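A.B. asks:
There are 2 protein chains.
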Amino acid sequence: MSKSIETQKNAPPGRAPRNDGSSGGRMAGGERRQQIVRVAMRLFSQRGFSGTTTREIAQEAGVSEAMVFKHFATKEDLYAAILDHKACAGDMGDACAALGGAMERGDDAAVFSGLAQGVLHFHEHDTDFARLLMHSALQGHELFQMFWERNVRQMARFLCGYIRERQQAGALRDMEPMVIARAFIGMTLYHSLVNIIFDPQRSLLDIPNERAAQEFTEILLHGVATQATAGKSITKPSGQKKGLSTVRQSVAIAAKKKKSRS
Amino acid sequence: MSKSIETQKNAPPGRAPRNDGSSGGRMAGGERRQQIVRVAMRLFSQRGFSGTTTREIAQEAGVSEAMVFKHFATKEDLYAAILDHKACAGDMGDACAALGGAMERGDDAAVFSGLAQGVLHFHEHDTDFARLLMHSALQGHELFQMFWERNVRQMARFLCGYIRERQQAGALRDMEPMVIARAFIGMTLYHSLVNIIFDPQRSLLDIPNERAAQEFTEILLHGVATQATAGKSITKPSGQKKGLSTVRQSVAIAAKKKKSRS
DNA sequence: TTTTTACAAGTAAGCACTTACTTACCAGAA
DNA sequence: TTCTGGTAAGTAAGTGCTTACTTGTAAAAA
């Protein structure tokens with residue numbers, strides 16, 4: 001829990017709070033700063049960086065434009081402050097730690113399902129930040145790169161490590177672990193994107209996060225083919241299937257060579 | 263390097279050369295219009311709508327700003343023209359038609375793999391449009407809504423129909439078809455998004471589209487668990503599983519009522 | 001000739017950011 | 001307690017620059 005910088009300092013000494021800041025009135029510097037950040041995040045996430053004016057931010061925060069520039073030297077600085085603060089906050093370590101037990105038990109369903117639920121819940125209860133991230137990704141902002149490195153990439157590698165272990169234990173099939181990781185993160189993250197951005201009315205599919213996580217896990221682990229078909233399909237080498245398994249074998253070999261990558 | 267590339271085509275018909283279109287010179291109205299659209303799409307996709315100026319567009323197209331407004335009454339009109347043109351062009355009917363053979367044969371692997379390849383190739387060779395779509399989705403532009411209705415939603419419903427058929431034929435397990443469709447489209451589309459936007463250097467995973475399509479299909483149909491594990495997990499009814507299947511049954515009933523597609 | 005394609009040179013509005021000034025708050029001297 | 005001065009929180013009204021969009025005019029094509 002890094003309660004970095006921000007506020008803390010100028011403690012209001014036992015005085016009447018006086019002011020919720022929603023409009024007009026005076027506020028302690030730190031609080032006002034936080035409020036501006038909150039408002040700015042909402043607006044940036046809705047309209048994008050260049051689609052949001054500093055005047056709008058000031059207006060919604062109930063202060064004059066000059067106040068915004070008292071706290072942040074430039075508009076870009078304000079943007080960076082948001083991404084910076086949030087990117088560092090989301091640690092991803094907590095999420096992984098919560099899965100520790102399931103991992104040691106080798107309970108794959110719990111591991112994958114827990115991971116998916118973590119991601120889905122995070123996005124659901126911080127929609128603004130998720131949208132902001134998409135904006136900054138499209139914009140190619142360097143702070144998105146940072147977020148990608150610190151969170152997504154880390155998670156993918158972590159998941160890969162677990163998958164490799166389980167493959168060696170014989171519980172998972174011998175496929176390129178990163179492909180499996182991408183498939184699962186893909187189902188989950190895409191589902192979030194649809195819920196948040198593409199189809200917030202959920203006109204196509206409207207299920208609670210827990211169930212989505214379970215179903216995706218079920219699909220990842222066991223597939224959607226019936227067992228009869230599954231067995232047939234795996235053992236029987238049709239033309240196309242043969243091609244596939246050849247590819248897969250060469251991949252497995254390549255993967256072993258590449259093992260140095262941590 | 264800012265010299266606009268574009269222009270090549272429009273054969274000057276044995277006339278005074280005069281014009282390569284790159285700067286100055288005359289062009290037939292329709293061609294110039296198309297060129298402006300092409301340039302605008304590239305810029306909008308890179309910097310977003312409000313991040314792109316009409317001056318930049320004119321400059322890159324090798325004309326004056328006034329020309330842009332001769333062809334498009336407003337900047338918004340230009341934006342709409344792009345989305346409109348492309349959204350209507352991508353028919354999704356072709357893609358589905360190409361899968362017809364595989365569908366009649368009941369070759370699930372070919373159907374899913376073909377679909378994934380279609381999507382992956384489309385995004386790869388029209389990266390600008392994919393990025394533009396993301397921008398317009400975030401912006402909540404009405405033309406994205408249209409694209410979603412006409413393409414993504416249609417594809418999802420189509421896929422659902424196929425999945426239902428195959429479930430009734432006993433080839434696929436009895437899960438909510440839309441969940442399966444979302445899972446598969448999710449793997450595929452997320453993979454595209456990573457390649458195009460999040461990690462264009464492909465630092466985590468760099469495989470050709472054909473292989474990605476095959477591997478995702480394999481995962482969807484058969485899962486990643488080994489068969490021993492798979493059998494155990496499917497037959498053994500844990501508490502969680504029971505709850506899940508109850509939900510699934512009610513869904514299946516609802517699905518039967520809805521069945522209009524033949 | 002007329003029509004179409006083009007652009008230089010605008011204009012008014014909007015933008016990020018600044019300046020010069022006012023107000024609220026609180027510690028400590030009277 | 002009551003003054004009082006230092007300072008942080010606040011603003012109205014700019015600054016100069018950029019933006020989307022226009023106008024008037026020239027010239028190539030038909």
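So the sequence lines, in the order shown, correspond to chains F and D. First residue of the first sequence: 1, per my numbering; consecutive thereafter. First residue of the second sequence: 263, per my numbering; consecutive thereafter. Where is the CB? At the ideal position from N, CA and C, for every residue including glycine. In this text, all values refer to a predicted model and were calculated from it rather than measured experimentally.
(1) According to DSSP, is L159 of chain F part of a helix, a strand, or is it coil?
(2) Between the stretch 102-136 of chain F and chain D, which residues of the former have CB atoms less than 8 Å from a CB of the latter, in chain order?
(3) Residues of chain D with CB closer than 9 Å to the CB of Y190 of chain F, please, in chain order.
(4) Which residues in chain D sit within 9 Å of D77 of chain F, going by Cβ to Cβ distance?
(5) Answer with yes or no whether the minimum CB distance from E56 of chain F to chain D is below 8 Å.
(6) For L78 of chain F, which residues from the same chain have a beta carbon less than 6 Å from its beta carbon, with the 5 sequence-adjacent residues on both sides left out?
(7) Find the residues of chain D that neighbour T226 of chain F, judging by a C-beta separation of less than 7 Å, and give them in chain order.
(8) With a threshold of 8 Å between beta-carbons, can I481 of chain D be considered close to chain F, or not?
(9) Is M178 of chain F close to chain D, meaning its C-beta is less than 8 Å from at least one C-beta of that chain?
(10) Tell me whether the beta-carbon of A320 of chain D lies closer than 8 Å to the beta-carbon of V330 of chain D.
(11) Alpha helix (DSSP H) containing N471 of chain D: first to last residue?
(12) Measure from the C-beta of S512 of chain D to each C-beta in chain F and report whether the shortest distance is under 8 Å.
(13) Taking Q214 of chain F as the reference, which of F:M187, F:D84, F:A225, F:S136 has the closest Cα?
(14) Counting only Cβ pairs nearer than 9 Å, list the residues of chain D close to R153 of chain F.
(15) Where V381 of chain D and L451 of chain D are concerned, what is the direct C-alpha to C-alpha distance, given to the nearest angstrom?
(16) In chain order, which continuous runs of the alpha helix (DSSP H) of length 4 or greater are located wholly inside the stretch 422-466 of chain D?
(17) What do you reckon, are the CB atoms on L395 of chain D and F384 of chain D nearer than 8 Å?
(18) Let me know the secondary structure DSSP gives A110 of chain F once reduced to three states.
(19) Pick helix, strand or coil for A399 of chain D, following the three-state DSSP scheme.
(20) For A335 of chain D, which three-state DSSP category applies?
(21) Do K86 of chain F and the ligand PLP come close, with the Cβ less than 7 Å from some heavy atom?
(22) With a cut-off of 8 Å on the beta carbons, I'd call V234 of chain D and R294 of chain D a contact; round off their distance for me.
(23) Counting only Cβ-Cβ distances shorter than 7 Å, please list the residues of the stretch 34-58 of chain F near chain D, keeping chain order.
(24) To the nearest angstrom, report how far apart E149 of chain F and H453 of chain D are at their CA atoms.
(25) Can you give the Cα-Cα distance for L345 of chain D and L405 of chain D, rounded to whole angstroms?
(26) On the three-state DSSP scale, how would you describe A225 of chain F?
(27) Please work out which residues of its chain come closer than 8 Å, Cβ to Cβ, to I425 of chain D, disregarding the five sequence neighbours upstream and downstream, and give them in chain order.
(28) Is the shortest distance between the beta-carbon of H222 of chain F and the beta-carbons of chain D less than 8 Å?
(29) Under 7 Å between beta-carbons, which chain D residues line up against F271 of chain F? List them in chain order, please.
(30) Determine, using beta carbons only, whether F306 of chain D and K348 of chain D come nearer to each other than 8 Å.
(31) So F112 of chain F and T217 of chain F are supposed to be a Cβ contact under 8 Å. How far apart are they, rounded?
(32) Indicate the three-state DSSP secondary structure (helix, strand or coil) for D390 of chain D in the structure shown.
(33) Is the Cβ of P275 of chain D closer than 8 Å to any Cβ of chain F?
(34) By the DSSP assignment, the alpha helix (DSSP H) with G363 of chain D in it spans what residues?
C.D. replies: Straight from the coordinates:
(1) In the displayed model, L159 of chain F falls within a helix according to three-state DSSP.
(2) Within the stretch 102-136 of chain F, contact with chain D at the beta-carbon level (separation under 8 Å) is assigned to D108, A109, R131, M134, H135.
(3) Per Cβ cutoff of 9 Å: R444, A445, I447, G448, M449, T450, L451, Y452, L455.
(4) Under the 9 Å cutoff, chain D gives no residues; its nearest Cβ is about 18 Å from D77 of chain F.
(5) Residue contact check for E56 of chain F against chain D: no CB pair falls below 8 Å.
(6) Contacts found: A40, F72.
(7) Chain D residues near T226 of chain F: G432, A433, L434, R435.
(8) Chain F, which has a Cβ nearer than 8 Å to the Cβ of I481 of chain D, makes this yes.
(9) Yes - at least one Cβ of chain D is within 8 Å of the one on M178 of chain F.
(10) Yes. Within cutoff.
(11) Taken as a continuous stretch (DSSP letters only), the alpha helix (DSSP H) holding N471 of chain D covers 471-484.
(12) With a pLDDT of only 35 at S512 of chain D, under 50, the local geometry of the prediction cannot be trusted, and the value read off the model is given with reservation. Nearest CB-CB separation between S512 of chain D and chain F: not below the 8 Å threshold.
(13) Of F:M187, F:D84, F:A225, F:S136, the residue nearest in Cα terms is F:M187.
(14) Contact of R153 of chain F with chain D by beta-carbon distance below 9 Å involves D461, S465, L466.
(15) Roughly 7 Å between the two C-alpha positions.
(16) Fully enclosed alpha helix (DSSP H) runs of 4 or longer: 439-455.
(17) No; because the gap between Cβ atoms is not below 8 Å, this pair is not in contact.
(18) Correct three-state label for A110 of chain F: helix.
(19) Residue state, collapsed to three classes: helix.
(20) In the structure shown, A335 of chain D sits in coil (DSSP, three-state: anything other than H, G, I, E or B).
(21) The ligand content of the structure shown is nil, which means the ligand PLP is not present either.
(22) There is no way to answer for residue 234 of chain D, as the model of chain D reaches only from 263 to 524.
(23) Listed by position, the residues of the stretch 34-58 of chain F near chain D (Cβ gap below 7 Å) are G48, S50, G51.
(24) Rounded to the nearest angstrom, the gap between the Cα atoms of E149 of chain F and H453 of chain D is 17 Å.
(25) Going by the C-alpha atoms only, they are around 6 Å apart.
(26) In the displayed model, A225 of chain F falls within a strand according to three-state DSSP.
(27) Excluding residues within five positions, the ones whose Cβ falls inside 8 Å are L434, P439, I442, A443.
(28) For H222 of chain F, the answer is yes, since a Cβ of chain D falls inside 8 Å of its Cβ.
(29) Lying outside 1 to 262, the shown extent of chain F, residue 271 of chain F is not represented and no answer is given.
(30) No; because the gap between Cβ atoms is not below 8 Å, this pair is not in contact.
(31) Confirmed, Cβ separation roughly 4 Å.
(32) The answer is helix: DSSP assigns D390 of chain D an H, G or I state.
(33) At P275 of chain D the pLDDT is 33, less than 50, meaning the model places this residue with poor confidence; the figure from the coordinates comes in the next sentence. Proximity of P275 of chain D to chain F, defined by a Cβ-Cβ separation below 8 Å, is not satisfied.
(34) G363 of chain D: member of the alpha helix (DSSP H) spanning 362-367, first to last residue.
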